[in-house]
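These protein sequences, in sequence, are chains A and B. Here our numbering is used: the first residue of the first sequence is 255, the next is one more, and so on. Here our numbering is used: the first residue of the second sequence is 42, the next is one more, and so on. Using N, Cα and C, we set each Cβ at its ideal position, and we do this for glycine too. Heads up, the thing below is written out as structure tokens.
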Amino acid sequence: MSIPTTPGTPPNQGAPSSRGFIALRWARRAPRAIFSTDHRIIGFGYLVISLIAVILGSLLSLVMRMHLAWPSWQLPLHGPILPEEYLALVTMHGTLMLFFVLTVAPQSGFGNLILPAQLGTRHMAFPRLNALGLYLTALALIILVAAFFVPGGAPIGGWTAYPPLSSTPLAGPGEGLGMDLWLASIALFAVATTLSSINMLTTITKLRCEGLTWERLPLTVWGWFTAAILSIIAFSVLLAAILLLFCDRHLHSGFFLPAQDLISGVLLQHRGDGSPLLWLHLFWFFGHPEVYIAILPGMGLTSMVIANFSRRRVFAYRLMIATTLLIGFLGIIVWGHHMFVAGLNPFAGTAFSISTIAIAIPAAAKVFSWLATTWGSRPRLTTPMLFALGFVSLFITGGLTGPILAQPILDEYLHNTFFVVAHFHLIMAMAGVFGLFCATYYWAPLLFHRTLSEPLGKLHFWTTLLGAYSTFLPMHFTGLAAEPRHYSQLTGIAGPSATLLQSTLPLQRHITASAIFLLCAQLPFFLNLLLAWRRPANDPADANPWHATTMEWAPNALNPHPNDEPSIVYRGPSHYTDSGKEFSPQWSPVNTFNTEAE
Amino acid sequence: MEAPPTHGFWNLPVDAAAHGHALDTHLLLNLWIALALLALAHLILLLGIAIRKRTPRPYHQLFIEYLPLAALTLLFAFLALRAQQLWAAQRYTGADLSAMQVEVTGQQFVWYFRYPGPDAAFGRTNLSLVAPAEVNPLGIDPTDTYGRDDIVTSQLVLPANREVDLTLRAQDVIHGFAIPEMRIKQNAIPGQTTHIHFTPEIPGDYAILCTQVCGMGHYRMLATLRVLPPAVFNTWLHTQEALQAKDKAQP
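Here you go:
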């Protein structure tokens with residue numbers, strides 16, 4: 255993986271003959287790279303943050319899985335996992351994955367790397383704001399991980415941090431300094447994401463090159479655009495909620511707390527008589543759009559990649575734009591479906607149920623478009639295409655349980671069981687990660703100037719798909735058996751509850767074994783990156799190996815020279831002949847064949 | 042012989058509540074529909090990749106996009122409507138006035154159950170009077186006469202076939218009150234009360250779980266619901282009332 259130092263410099267010129275010089279070269283270029291305002295370097299910076307977070311988050315989940323299946327298992331160099339440690343792992347796993355992987359990588363990482371090129375522009379609208387966003391995100395990650403190392407450890411209330419559990423150190427270990435660090439980290443993250451979303455929105459609105467009308471924008475851009483709007487709305491509300499919670503913790507205010515609260519034998523009095531439900535409203539007003547922020551760029555990329563390898567236009571292109579925006583809009587008005595049994599008015603439950611089920615319609619429209627685009631096309635099953643198809647599969651499987659959970663009467667039974675864990679891991683985590691793998695394999699020739707190995711990529715795909723399904727499908731069944739989330743132990747307690755919990759143990763052991771397999775399945779991916787790094791760079795003549803039509807594949811789109819002519823777009827994306835051999839890219843003034851009127 | 046904790050293809054625990062049958066039927070309908078749609082979508086996906094059409098024809102957006110979408114909309118509308126009927130039946134109105142009253146209080150990491158006693162009224166509680174060591178874990182105000190005959194237990198005992206109205210409260214943090222076999226779940230929130238009502242039908246012992254993460258002992262915040270035949274329940278209640286009267290009679 256190489257990072258270009260300055261715009262216009264091909265990254266591999268003057269590669270040192272001896273590997274010993276690499277460290278020296280890195281030391282020399284590191285300051286310039288770290289304090290660069292070049293959007294590609296910032297994009298790589300975001301990907302590095304995500305990579306650290308995803309490795310850490312996966313290892314945390316591995317420890318959780320081991321402990322759940324074998325409670326007496328001892329973590330080497332640590333000992334047995336205590337209940338509060340298990341919950342701290344849950345909190346940090348969720349926080350790392352949701353914020354630092356699924357928000358950062360698709361939106362800020364690949365957004366910075368690819369978006370300007372897809373718009374035919376050379377830079378983002380606000381380079382320094384962009385760099386500030388990266389520093390704040392890095393700082394947020396450091397502060398978050400620091401929570402592990404303070405007295406009491408990391409917070410134990412999950413990534414949703416419901417008060418009063420999250421409002422006082424009395425409520426449990428990790429709710430002292432650990433919780434303050436968590437709040438500080440997420441506050442910084444919210445500021446960073448808002449800044450980078452403003453940058454992204456301005457870039458898309460203002461810096462599109464000549465000829466790039468809204469309708470000709472690739473669906474990836476529409477995904478980033480909608481996710482950026484959602485980010486600004488959602489993260490500003492989260493930031494406000496965090497500040498209020500901080501006041502409740504340290505200034506004895508009572509936004510989220512009743513006037514009197516008895517925790518650990520200590521009677522706490524607050525000024526005012528607030529309600530924890532207010533936090534739930536504010537948090538989920540952020541939390542639900544957040545999952546669309548994570549998945550919308552992946553949906554856009556899937557549409558474009560499927561079209562490219564099927565050599566077809568995206569089926570119902572305008573409808574796909576509309577559904578992207580509609581999913582974003584509906585995403586803002588469904589937060590109450592997380593609160594059906596939380597003390598919400600039952601009439602509000604009905605309203606939120608209807609708005610939530612309504613999302614199934616635009617989401618299904620997207621699935622129909624993907625199915626119709628591939629139908630009968632005999633696509634080239636390259637690794638990026640496989641991951642795009644995997645995204646479709648996981649999106650369908652995870653999505654179909656959405657309308658079930660959206661029915662309050664069914665959610666009453668399923669709420670906070672493993673059924674929910676299965677649902678969001680399939681549709682958000684796995685589909686989201688498949689989107690990221692698709693992006694990595696698809697754009698590797700642009701990012702690393704190397705194509706990743708296809709055999710290794712296919713091995714990676716099939717094992718990951720198998721691991722993902724083997725891990726998360728059985729969770730539906732432990733959930734239907736009523737096993738709750740956040741239980742650090744399923745054994746050792748007497749009574750009918752114990753019988754119920756223990757009955758899920760064999761399946762939980764299978765899930766743990768599958769999770770280990772799923773993690774091992776990522777080794778071919780890292781091996782692939784490593785091997786690519788050691789291979790010579792692609793021939794510049796083969797700059798568009800996938801025969802793609804969008805602007806990022808135009809010659810020198812990612813390394814524009816200041817003297818280059820400004821880019822011009824002549825048509826929408828995905829114009830291919832029926833045979834698929836010829837195609838008219840967006841940047842080509844010549845029509846290789848007669849395209850129909852748009 | 043004890044029934045297995047879960048049964049059937051979908052692994053559901055037994056249903057022992059009056060509203061459970063309708064809920065289960067609707068849940069199973071949803072699950073089978075989801076499974077069928079999952080299979081259908083994957084079949085189309087795989088077939089679409091495998092076959093090659095000889096002459097590419099322009100698609101008719103109406104047939105491929107809008108008609109299936111309309112069908113799906115109707116299907117989801119039907120499911121949503123049915124779900125709202127069940128939801129409304131359970132939640133839109135409170136319990137019947139003749140329903141039995143029990144108060145449930147969650148605190149880290151135990152559930153307490155309070156019965157109103159012969160006067161059918163709960164006594165006032167005050168958080169500053171909570172004293173588990175002095176056998177007053179709920180802080181019942183001794184100056185309130187309504188509270189004198191209140192019975193506090195750590196096991197929820199209910200008669201079969203009589204509706205019960207549970208008043209849920211929490212002393213410290215949010216807890217989730219769930220009885221899977223009764224198909225109910227409702228959070229208990231500090232500073233406010235919530236209600237849930239249901240009718241247990243089959244006598245037996247059932248799991249009570251906490252389903253909202255509430256701290257390090259969340260996993261062991263378990264209790265038991267014991268459903269008794271009405272006659273046996275009355276005997277149990279009278280015994281408790283007599284015990285309570287004896288306790289209070291002592292200085």
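6 Å Cβ shell around residue i - same chain, five flanking residues per side excluded
{"i": "residue 289 of chain B", "result": "189"}
{"i": "residue 318 of chain A", "result": "343"}
{"i": "residue 271 of chain B", "result": "200"}
{"i": "residue 522 of chain A", "result": "515"}
CB contact flag (residue i, residue j, <8 Å)
{"i": "residue 410 of chain A", "j": "residue 426 of chain A", "result": "yes"}
{"i": "residue 681 of chain A", "j": "residue 711 of chain A", "result": "no"}
{"i": "residue 559 of chain A", "j": "residue 616 of chain A", "result": "no"}
{"i": "residue 419 of chain A", "j": "residue 217 of chain B", "result": "no"}
{"i": "residue 206 of chain B", "j": "residue 141 of chain B", "result": "yes"}
{"i": "residue 341 of chain A", "j": "residue 751 of chain A", "result": "no"}
{"i": "residue 192 of chain B", "j": "residue 156 of chain B", "result": "yes"}
{"i": "residue 614 of chain A", "j": "residue 543 of chain A", "result": "no"}
{"i": "residue 406 of chain A", "j": "residue 556 of chain A", "result": "no"}
{"i": "residue 749 of chain A", "j": "residue 265 of chain B", "result": "yes"}
CA-to-CA distance, residue j to residue i, given in whole angstroms
{"i": "residue 622 of chain A", "j": "residue 111 of chain B", "result": "12 Å"}
{"i": "residue 423 of chain A", "j": "residue 429 of chain A", "result": "5 Å"}
{"i": "residue 162 of chain B", "j": "residue 254 of chain B", "result": "31 Å"}
{"i": "residue 812 of chain A", "j": "residue 701 of chain A", "result": "9 Å"}
{"i": "residue 202 of chain B", "j": "residue 663 of chain A", "result": "21 Å"}
{"i": "residue 849 of chain A", "j": "residue 830 of chain A", "result": "No answer about residue 849 of chain A holds up, because its pLDDT of 48 lies below 50 and its placement is not dependable."}
{"i": "residue 62 of chain B", "j": "residue 54 of chain B", "result": "12 Å"}
{"i": "residue 297 of chain A", "j": "residue 502 of chain A", "result": "37 Å"}
{"i": "residue 259 of chain B", "j": "residue 220 of chain B", "result": "15 Å"}
{"i": "residue 482 of chain A", "j": "residue 50 of chain B", "result": "43 Å"}
{"i": "residue 773 of chain A", "j": "residue 243 of chain B", "result": "45 Å"}
{"i": "residue 837 of chain A", "j": "residue 803 of chain A", "result": "7 Å"}
{"i": "residue 606 of chain A", "j": "residue 660 of chain A", "result": "8 Å"}
{"i": "residue 564 of chain A", "j": "residue 799 of chain A", "result": "15 Å"}
{"i": "residue 258 of chain A", "j": "residue 287 of chain A", "result": "Its pLDDT being 41, under 50, residue 258 of chain A is placed unreliably in this model, and the coordinates cannot settle the point."}
{"i": "residue 572 of chain A", "j": "residue 473 of chain A", "result": "10 Å"}
{"i": "residue 362 of chain A", "j": "residue 505 of chain A", "result": "35 Å"}
Candidates the options: closest to residue i by CA position
{"i": "residue 131 of chain B", "options": "B:232, B:48, B:164 and B:227", "result": "B:227"}
{"i": "residue 517 of chain A", "options": "A:555, A:345 and A:421", "result": "A:421"}
{"i": "residue 447 of chain A", "options": "A:839, A:352 and A:726", "result": "A:352"}
{"i": "residue 248 of chain B", "options": "A:768, A:754, A:825 and A:788", "result": "A:754"}
{"i": "residue 186 of chain B", "options": "B:196, B:203, B:158 and B:259", "result": "B:158"}
{"i": "residue 537 of chain A", "options": "A:581, A:412, A:661 and A:379", "result": "A:412"}
{"i": "residue 385 of chain A", "options": "A:454, A:328 and A:401", "result": "A:454"}
{"i": "residue 691 of chain A", "options": "A:640, A:562, A:541 and A:655", "result": "A:640"}
{"i": "residue 64 of chain B", "options": "A:345, A:706, A:658 and A:807", "result": "A:658"}
{"i": "residue 300 of chain A", "options": "A:720, A:392, A:569 and A:498", "result": "A:392"}
{"i": "residue 103 of chain B", "options": "A:796, A:626 and A:295", "result": "A:626"}
{"i": "residue 17 of chain B", "options": "A:805, A:608 and A:631", "result": "The displayed coordinates of chain B run from 42 to 292. Any statement about residue 17 of chain B would go beyond what the structure contains."}
{"i": "residue 372 of chain A", "options": "A:405, A:458, A:776 and A:379", "result": "A:458"}
{"i": "residue 208 of chain B", "options": "B:232, B:143 and B:191", "result": "B:143"}
{"i": "residue 762 of chain A", "options": "A:747, A:800, A:675 and A:303", "result": "A:675"}
{"i": "residue 415 of chain A", "options": "A:552, A:510, A:490 and A:771", "result": "A:510"}
{"i": "residue 816 of chain A", "options": "A:365, A:338 and A:375", "result": "A:375"}
{"i": "residue 402 of chain A", "options": "A:363, A:462, A:492 and A:314", "result": "A:314"}
Residues sharing a beta bridge with residue i, DSSP
{"i": "residue 206 of chain B", "result": "B:142 and B:238"}
{"i": "residue 525 of chain A", "result": "A:507"}
{"i": "residue 48 of chain B", "result": "B:53"}
{"i": "residue 151 of chain B", "result": "B:148"}
{"i": "residue 160 of chain B", "result": "BP columns for residue 160 of chain B are empty, so no partner."}
{"i": "residue 631 of chain A", "result": "B:93"}
{"i": "residue 216 of chain B", "result": "B:229"}
{"i": "residue 177 of chain B", "result": "B:172"}
Neighbourhood of residue i by C-beta distance below 8 Å, restricted to the same chain and skipping five residues each side
{"i": "residue 496 of chain A", "result": "437, 440, 441 and 444"}
{"i": "residue 612 of chain A", "result": "584"}
{"i": "residue 85 of chain B", "result": "none"}
Other residues of its chain near residue i: CB distance less than 7 Å, five sequence neighbours each side excluded
{"i": "residue 594 of chain A", "result": "603, 662, 665, 666 and 669"}
{"i": "residue 78 of chain B", "result": "none"}
{"i": "residue 636 of chain A", "result": "563 and 708"}
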